[in-house]
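Note that the numbering used here gives residue 456 to position 382 of the sequence shown, counting from 1, and the numbers run on in steps of one.
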Amino acid sequence: MTATVRTVADLMTSPAVTAGPAETLEVAARRMAEAGVGSVVVAEANRPVGILTERDLMGVAQLRPVEGAFTDVPRGLKGVIVAETEIGEVRGLEGFYHYRQYSAVDVCTHYGFEDAWALLVDGHLPDADEAATFRAELAPLRRLPEPVAEVLPAIARAGLAAPGGAGSLDALRTAVSLLALAEGFRPSLDVSPERLRADGLRLGAAVPTLVAALHRLAHGMAPLEPREDLGHVANYLYMLHGAEPEPMALRAVEAYMTSTIEHGFNASTFTARVVTSTGADLGSAVVAALGSLSGPLHGGAPSRALDTLDAIGTPERTEAWVRDAIARGERIMGFGHPVYKTYDPRSAMLRDIAREMGGPLVDFAQQVEATILSTLAELKPDQELHTNVEYYAGVVMELAGLDRTLFTPTFAAARVVGWSAHILEQARDNRIIRPSARYVGPPPPQPLPR
Numbered sequence: 075m076t077a078t079v080r081t082v083a084d085l086m087t088s089p090a091v092t093a094g095p096a097e098t099l100e101v102a103a104r105r106m107a108e109a110g111v112g113s114v115v116v117a118e119a120n121r122p123v124g125i126l127t128e129r130d131l132m133g134v135a136q137l138r139p140v141e142g143a144f145t146d147v148p149r150g151l152k153g154v155i156v157a158e159t160e161i162g163e164v165r166g167l168e169g170f171y172h173y174r175q176y177s178a179v180d181v182c183t184h185y186g187f188e189d190a191w192a193l194l195v196d197g198h199l200p201d202a203d204e205a206a207t208f209r210a211e212l213a214p215l216r217r218l219p220e221p222v223a224e225v226l227p228a229i230a231r232a233g234l235a236a237p238g239g240a241g242s243l244d245a246l247r248t249a250v251s252l253l254a255l256a257e258g259f260r261p262s263l264d265v266s267p268e269r270l271r272a273d274g275l276r277l278g279a280a281v282p283t284l285v286a287a288l289h290r291l292a293h294g295m296a297p298l299e300p301r302e303d304l305g306h307v308a309n310y311l312y313m314l315h316g317a318e319p320e321p322m323a324l325r326a327v328e329a330y331m332t333s334t335i336e337h338g339f340n341a342s343t344f345t346a347r348v349v350t351s352t353g354a355d356l357g358s359a360v361v362a363a364l365g366s367l368s369g370p371l372h373g374g375a376p377s378r379a380l381d382t383l384d385a386i387g388t389p390e391r392t393e394a395w396v397r398d399a400i401a402r403g404e405r406i407m408g409f410g411h412p413v414y415k416t417y418d419p420r421s422a423m424l425r426d427i428a429r430e431m432g433g434p435l436v437d438f439a440q441q442v443e444a445t446i447l448s449t450l451a452e453l454k455p456d457q458e459l460h461t462n463v464e465y466y467a468g469v470v471m472e473l474a475g476l477d478r479t480l481f482t483p484t485f486a487a488a489r490v491v492g493w494s495a496h497i498l499e500q501a502r503d504n505r506i507i508r509p510s511a512r513y514v515g516p517p518p519p520q521p522l523p524r
């Protein structure tokens, strides 16, 4: 059987979409959009002289936006490619995400938190010797400088006095800003990649110390000094509770933290890269990312998912509770994701760990999950709403003994590693991120009021 030989013509539009050298970029852009193609042949006197692509137009648009299809993007930038990255990707339709070239779930299952950290920051999974060196580099960075430690009680008291309680994430944001100031972080534009990496490791190592210290102070307990003989997550749990964690609790929290180190261009990661694109210091970028994370639609859902279980109370009340919530236009926390259109792989992994931990809470959570999913499928058949990471994250962290006010700060203690990796990548090949907005107010200029 003779194989079919494809030619260039098979892949070309017919007739070819062309543009003249004297035509404006706006006209060429509109022609591409109308034809549904990504390039046009530039022809002069019926002879091709070049190719003009969308990438060429976007490069020009960064300096002088081209009106029309190439500057109009979906609200929230959904589906818009804003950068190239080697750090990772989320494939929502497949229920898959990866850290560099490796399945993130595989990394979480077979490697520890520090190994994933090294992978993101240094570009490869460490061998045994490299892993030991990396851990030794991180351990002394957990300690806080004296000027920061001295101010933490005041930050914790301010958090307790704030409306709504201690506000752990707000307190952490303030403490991170103070630490960056005390450490003399300089603008990323002015430091070497090695210095910026060191700043990232410093914050990544110290944030769990800040979270634990602020939590203990808010509950009338003295902070504990970090221990260099413990791993990163084990030391975090020790500083929270004053005792080395049980193996199952450690495994659960480490799996959660490792699975949330990085997750594509989410709101906080994008925020960190935008701030870095201005040449700002790494501390400023992380503080900005923490501000983005404070929104309930991004980082606050694990505790809210448990609040949902509390509100439901018993399995037989689930369907009625969900129907009432949907009728009121409320979101069901722990379900649905802006990217995943199938089961969140992080949730699947944490569900398995929750089953190993066992107990009434796990049984209840599984019963409620099944009813919520079936009810959502009936009420919202046009939407793909599946269990996301926050649902079982809340369950395993509750079983591991973490206070609910710690859920989002614990997320931040993991995600600061991913933020730092993105900050390093942005700084290596930087261009300021400066999009445009479409003005929709009253047409100017109008006369001033008299």
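Note that the Cβ used here is the ideal one computed from N, Cα and C, for glycine as well.
Sub-7 Å separation of residue i and residue j beta-carbons
{"i": "Pro282", "j": "Arg290", "result": "no"}
{"i": "Val91", "j": "Val116", "result": "no"}
{"i": "Ala501", "j": "Leu270", "result": "yes"}
{"i": "Val396", "j": "Ile446", "result": "yes"}
{"i": "Pro148", "j": "Arg216", "result": "no"}
{"i": "Gly162", "j": "Tyr173", "result": "yes"}
{"i": "Gly353", "j": "Ser251", "result": "no"}
{"i": "Ser421", "j": "Thr461", "result": "yes"}
{"i": "Leu243", "j": "Thr449", "result": "no"}
{"i": "Leu473", "j": "Met431", "result": "yes"}
{"i": "Leu324", "j": "Ala286", "result": "no"}
{"i": "Tyr185", "j": "Ala178", "result": "no"}
{"i": "Asp583", "j": "Leu356", "result": "Nothing can be reported for residue 583, as the shown portion of the chain is limited to 75 through 524."}
{"i": "Ser351", "j": "Ile507", "result": "yes"}
{"i": "Thr98", "j": "Ser113", "result": "no"}
{"i": "His496", "j": "Thr345", "result": "no"}
{"i": "Val195", "j": "Gly338", "result": "no"}
N-terminal and C-terminal residue of the alpha helix (DSSP H) that residue i is part of
{"i": "Val436", "result": "Pro434 to Leu453"}
{"i": "Val327", "result": "Pro321 to Ser333"}
{"i": "Ala359", "result": "Leu356 to Leu367"}
{"i": "Ser251", "result": "Ser242 to Glu257"}
{"i": "Gln500", "result": "Phe481 to Arg502"}
{"i": "Ile427", "result": "Pro419 to Met431"}
{"i": "Pro267", "result": "Pro267 to Ala292"}
{"i": "Ala205", "result": "Ala202 to Leu212"}
{"i": "Gly468", "result": "Val463 to Leu473"}
{"i": "Ile400", "result": "Thr392 to Ala401"}
{"i": "Asn309", "result": "His306 to His315"}
{"i": "Val179", "result": "Ala178 to His184"}
{"i": "Phe344", "result": "Ala341 to Ser351"}
Endpoints, beta strand (DSSP E) assigned at residue i
{"i": "Val123", "result": "Arg121 to Thr127"}
{"i": "Ala117", "result": "Ser113 to Glu118"}
{"i": "His172", "result": "Phe170 to Tyr173"}
{"i": "Val164", "result": "Gly162 to Arg165"}
Residue burial classification, residue i (beta-carbon count within 10 angstroms, cutoff 16)
{"i": "Arg138", "result": "Model confidence at Arg138 stands at a pLDDT of 43, short of 50, so the residue's coordinates are unreliable and nothing is read from them."}
{"i": "Thr533", "result": "Because the chain spans 75 through 524 in this model, residue 533 falls outside it and cannot be assessed."}
{"i": "Tyr414", "result": "buried"}
{"i": "Arg425", "result": "buried"}
{"i": "Pro419", "result": "buried"}
{"i": "Thr392", "result": "buried"}
{"i": "Gly408", "result": "buried"}
{"i": "Glu443", "result": "buried"}
{"i": "Glu108", "result": "exposed"}
{"i": "Met106", "result": "buried"}
{"i": "Val123", "result": "exposed"}
{"i": "Ile229", "result": "buried"}
{"i": "Arg512", "result": "exposed"}
{"i": "His293", "result": "exposed"}
Own chain, CB closer than 8 Å to residue i, minus 5 neighbours either side, in chain order
{"i": "Ala439", "result": "Leu383, Ala428, Tyr465, Tyr466 and Val469"}
{"i": "Leu304", "result": "Tyr312 and Glu318"}
Residues near residue i by beta carbon distance below 7 Å, same chain, minus five either side
{"i": "Asp189", "result": "Leu199, Pro200 and Ala205"}
{"i": "Val349", "result": "Ser358, Ala359 and Ala362"}
{"i": "Glu302", "result": "Ala213 and Pro214"}
{"i": "Ala341", "result": "Ser366 and His372"}
Neighbourhood of residue i by C-beta, 6 Å cutoff - its chain only, sequence neighbours within 5 removed
{"i": "Ser368", "result": "Leu243"}
{"i": "Asn309", "result": "Pro300 and Arg301"}
{"i": "Gly166", "result": "Val413, Tyr414 and Lys415"}
If you pair each beta-carbon of the region 477-491 with each one of the region 359-369, do three or more pairs fall below 8 Å? yes
Can at least three beta-carbon pairs, one atom from the region 195-211 and one from the region 451-463, be found at a separation below 8 Å? no
With three or more C-beta pairs closer than 8 Å as the rule, is the region 321-341 touching the region 209-225? With the cut-off at 8 Å, the region 209-225 and the region 321-341 do not touch.
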